[in-house]
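All residue numbers for the sequence shown refer to this note's numbering, where the first residue is 688 and numbers rise by one.
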Amino acid sequence: MPFYHKLGKIPHKRHIQFRKEDGSLYYEQLFGTIGFDGMSTNSYHEYRPTMVKEIRKQYSVAPKVAKENNIQSYRFRGFQVQPENDYLKSRKVVLTNSDCNIILAAPKESTKEYFYKNTDADEVIFIHKGTGKLRTMLGNLDFKYGDYLVIPRGIIYKLDFDTEDNRLFIVESYRPVYTPKRYRNWFGQLLEHSPFCERDIRRPEELETHNEKGDFVINVKKQNEIIEMVYATHPFDVVGYDGYNYPYAFSIHDFEPITGRIHQPPPVHQTFETDAFVICSFVPRLYDYHPEAIPAPYNHSNIDSDEVLYYVDGDFMSRNDIDAGHISLHPAGIPHGPHPGATERSIGEKVTEELAVMVDTFKPLKVTEEAMKIADEDYYKSWLE
């Protein structure tokens, strides 16, 4: 995130001596991005963060592609993904390209036996069902229904769930995830016309510091493989940090919709961006208020991007037969629009209670074998009258 955060104990200058009460040094770590040019955080550890005791098994989690070159529109019934106990095993990649993975997960248990680190990708985890706590090396965040958890690559974390009923929609991004640049000034502050501001963003406020030696398993994801590494000290041994690179939470319920007299295009819903795709939030809002407005979206051609819409709650006015947890895929190269009857139904309506997350990618998405298990293969015919 492009604003400064400080937590715990830190020295008054970077890269100087910072000593414990017994006179020994804390160990500084620069946690930086894009070489030394991107956002970074300086953290201070009880032990060297470099002590690896053992590297154990290594196995592939690469998505298995069912359709490499896809032009068919699909609906996927996301809640048909079966819950699994283990968090990592529960993550099912349904759509993929070289920039991102779109993942569904229904983990039943908290991550107890290991820590997790994704070295290749930022993760945006949308909480559809469940409550709990995201525990990280840079502090903890409580989460609930409607929260986006943004976890920069390299952050070591665990997820603690309150119950077994959890549903997650995850975007794993190989490109850095930022707030939309058109909503920021040249200093990085969110502007007055932004649909959210810094007050809406929840930063870690609970720093969990462990001073422990032992065998601590970190499952590290690198190049579509999980590598089980054993560290000599607890990875949550940070006594303090400051900087710009840290996990944070933002609730979709805090997104303030931008409306107009006539139908507004999808970019007004934009919440996050990379240079390869965007993430948008569709939230309850007033419909268009021109006396002859058609609230339903107009037909449009996806010439340059694949459009993925994850339906969270409410009645999505442009679609027929859509339930919570469904995903629609409208690929680049063909037009799509409201289902038959949706345009007419929308006329005269004043408000929508829909809640959805959209991902638009600039490279085509490949459909995986996991997606085909929950696919409605006749969805592309649903515009026939």
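Glycine included, every Cβ here is placed at the ideal spot set by N, Cα and C.
Beta-carbon contacts of residue i that lie in its chain and below 8 Å, excluding the five residues immediately before and after
i: T896; result: G695, E733, F923, D924, V925, V926
i: Y832; result: I814, H815, K816, G817, T818
i: K868; result: E960
i: S860; result: D786, C787, A808, D809, E810, V811, T961, A963, F964
i: D975; result: T946, G947, R948, I949, H950, Q951, I981, P982
i: P1011; result: For the record, residue 1011 in the displayed sequence is Ala; it is not Pro. Result list for A1011: F766, H815, Y998, V999, D1000, in chain order.
i: Y714; result: Y731, H732, E733, Y734, R735, P736
i: P1051; result: N756, N757, N784, D993, P1018, A1019
i: Q769; result: A793
i: K700; result: none
Reduced DSSP category for residue i - H, G, I as helix; E, B as strand; rest coil
i: H956; result: helix
i: S881; result: coil
i: M1059; result: helix
i: E994; result: strand
i: F766; result: helix
i: I697; result: coil
i: L1016; result: strand
i: K776; result: helix
i: R889; result: strand
i: R706; result: strand
i: D941; result: helix
i: R1006; result: coil
i: K795; result: coil
i: K816; result: strand
i: K804; result: strand
i: K1037; result: coil
i: K868; result: helix
i: N788; result: strand
i: F874; result: coil
i: H732; result: strand
i: H987; result: strand
i: E851; result: coil
i: S727; result: strand
Whether residue i touches residue j by CB criterion (7 Å)
i: Y918; j: V1044; result: no
i: C967; j: T958; result: yes
i: N989; j: G1024; result: no
i: F883; j: F942; result: yes
i: G719; j: S730; result: no
i: L855; j: I812; result: yes
i: P750; j: T1055; result: yes
i: R862; j: D807; result: no
i: T1048; j: S992; result: yes
i: E994; j: H1017; result: yes
i: F723; j: S797; result: no
i: I742; j: F802; result: no
i: N805; j: R840; result: yes
i: E915; j: K744; result: yes
i: R762; j: S938; result: no
i: V864; j: I789; result: no
Enclosing alpha helix (DSSP H) for residue i [first to last residue]
i: E915; result: Not the alpha helix (DSSP H): E915 falls in the beta strand (DSSP E), residues 912-920.
i: K779; result: No alpha helix (DSSP H) holds K779; the beta strand (DSSP E) holding it covers 779-783.
i: T1030; result: 1029-1033
Same chain, Cβ closer than 6 Å to residue i, five either side skipped, listed in chain order
i: R890; result: H692, Y935
i: E1040; result: P971, G1001
i: G930; result: S727, T728, N729
i: Y870; result: L877, L878, S881
i: Q759; result: Y1067
i: E1072; result: P1027
i: L973; result: T946, V1038
Residues near residue i in its chain [Cβ-Cβ closer than 7 Å; skip 5 each side]
i: S1033; result: I981, P982, A983, M1004
i: E1030; result: The identity of residue 1030 in the sequence shown is Thr, whereas the question assumes Glu. These residues qualify, in order along the chain: I981, A983.
i: N827; result: K820, L821, P891, E893, E895
i: N911; result: S747, V748, A749
i: N898; result: E733, D924
i: W1070; result: H1026, P1027
Terminal residues of the beta strand (DSSP E) in which residue i lies
i: R822; result: 819-823
i: M1045; result: 1042-1048
i: R743; result: 739-747
i: I838; result: 834-838
i: Y844; result: 843-848
i: V970; result: Counting along the chain, V970 falls outside any beta strand (DSSP E), and DSSP gives it neither H nor E.
i: K1068; result: Note, K1068: premise wrong, no beta strand (DSSP E); not H, not E.
i: A753; result: 752-754
i: N827; result: 826-830
i: E859; result: 854-860
i: G930; result: 925-930
is_contact[residue i, chain C] using C-beta, thresh 7 Å
i: K831; result: The structure shown contains no chain C; it holds only a single protein chain.
Inset, instruction - Indicate whether the contact test is met: 3 or more Cβ pairs, each with one atom in the region 984-999 and one in the region 901-920, closer than 8 Å. - result: no
Legend entry - Segment contact, 8 Å Cβ cut-off, at least three pairs: the region 1049-1060 with the region 754-765: yes
Inset, instruction - Answer yes if the region 835-843 comes into contact with the region 768-777, meaning at least three C-beta pairs across the two stretches below 8 Å, and no otherwise. - result: no
Legend entry - Contact between the region 762-775 and the region 863-878 (3+ Cβ pairs under 8 Å): no
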